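Before any comments, here is the structure.
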Amino acid sequence: MKNKLFTLIFIIFSFHQLNAQSLDLKILEHINGSVNPGPDRFWNSVSDQSYKIDVAVPLSLFTVGLIKHDQSLKVKAFDTGVALIGAGGAAFILKKIVQRDRPATTYPGIIIPKVVETDYSFPSGHASFSFATATSLSLAFPKWYVIVPSFVYAGTVAYSRLYLGVHYPSDVIGGAVIGIASSYITFQAQRLLFARKQHREYLNE
1385 MKNKLFTLIF IIFSFHQLNA QSLDLKILEH INGSVNPGPD RFWNSVSDQS YKIDVAVPLS
1445 LFTVGLIKHD QSLKVKAFDT GVALIGAGGA AFILKKIVQR DRPATTYPGI IIPKVVETDY
1505 SFPSGHASFS FATATSLSLA FPKWYVIVPS FVYAGTVAYS RLYLGVHYPS DVIGGAVIGI
1565 ASSYITFQAQ RLLFARKQHR EYLNE
């Protein structure tokens, strides 16, 4: 699983390196557009609030679990928190390894940075977190009315990073892959641990 994840991330990054002025840049240039105070404030707010929402999700699940004495909710909160930590850690490490400059740094005058970002571009930390949140909620509550809004939220956050001119499309795709993979691995590990616990309890009966 890890090998497949790193292979996919490598392919995504290579896409930009091999064809930097083609689809990746053209999509970003189209979305980034020109300065427009109204939409700029809106998308900046979406971007700014996303981390708070991502952190609030596991905290809220855990709080409700405590109030209702619901152990399953507390486990889901823990899994979501671990997935977020994993996604954030992976994104941070990859930024240091890849060291890809922000679009406006590479293409001044073409890409308009509507917020100031000083770290590296690939992958998108915002996309990593928002897709980890969306995937965790979808795995914890596999109902369409949870899955659809969760991924609409994640997609909106990813779009905001393109609109603000701080990421290439491949950055947010890479972040999305990391977030989804982190959540999936975390929840699969939890299921495996639970199955082993049940097996031990069965043997001890």
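So the numbering used here is basically just the index in the sequence shown, starting at one, shifted up by 1384. Cβ coordinates follow ideal geometry from the N, Cα and C atoms, glycine included. Nothing here was measured: the structure is a model prediction, and the numbers come from that model.
Original post:
For the putative contact between A1511 and V1556, defined by C-beta atoms under 8 Å, what is the C-beta separation to the nearest angstrom?
Top reply: 4 Å
Original post:
Is L1445 near the ligand FAD, going by C-beta to nearest heavy atom under 7 Å?
Top reply: Absence of the ligand FAD from the depicted structure is noted, as is the absence of any ligand whatsoever, leaving it without description.
**OP:** For I1569, name the three-state secondary structure that DSSP assigns.
**Re:** helix
Original post:
Can you round the beta-carbon distance between G1602 and S1514 to whole angstroms, since I take them to be within the 8 Å contact cut?
Top reply: With the chain represented from 1385 up to 1589, any question about residue 1602 goes unanswered, as that position is not in the structure.
Original post:
Would P1442 pass as a contact of L1409 if the rule is Cβ separation under 8 Å?
Top reply: no
Original post:
Can you give the beta carbon distance from N1428 to L1546, rounded, assuming they're within the 8 Å contact cut?
Top reply: 13 Å between Cβ atoms; not a contact.
Original post:
Is P1487 helix, strand or coil when you go by DSSP?
Top reply: helix
Original post:
In chain order, what residues of the same chain have a beta carbon less than 8 Å from the beta carbon of I1496, not counting five sequence neighbours either side?
Top reply: N1416, G1417, S1418, V1419, A1488 and G1549
**OP:** Could you pull out every residue in the same chain whose Cβ sits closer than 7 Å to the Cβ of D1503, ignoring the five residues on either side in sequence?
**Re:** K1479
Subject >> T1490 versus Y1552, G1558 and R1425, residue with shortest Cα-Cα distance >> reply: Y1552
Original post:
Near G1465, which residues of its chain fall below 7 Å by C-beta distance, leaving aside the five closest residues on each side in sequence?
Top reply: P1442
Subject >> Contained alpha helix (DSSP H) runs [length at least 4] in the stretch 1502-1548, N- to C-terminal order >> reply: 1509-1524 and 1528-1547
Original post:
Going by alpha carbons, who is nearest to F1476 out of S1444, Y1537 and F1506?
Top reply: F1506
Original post:
So what does DSSP say about P1492, is it helix, strand or coil?
Top reply: strand
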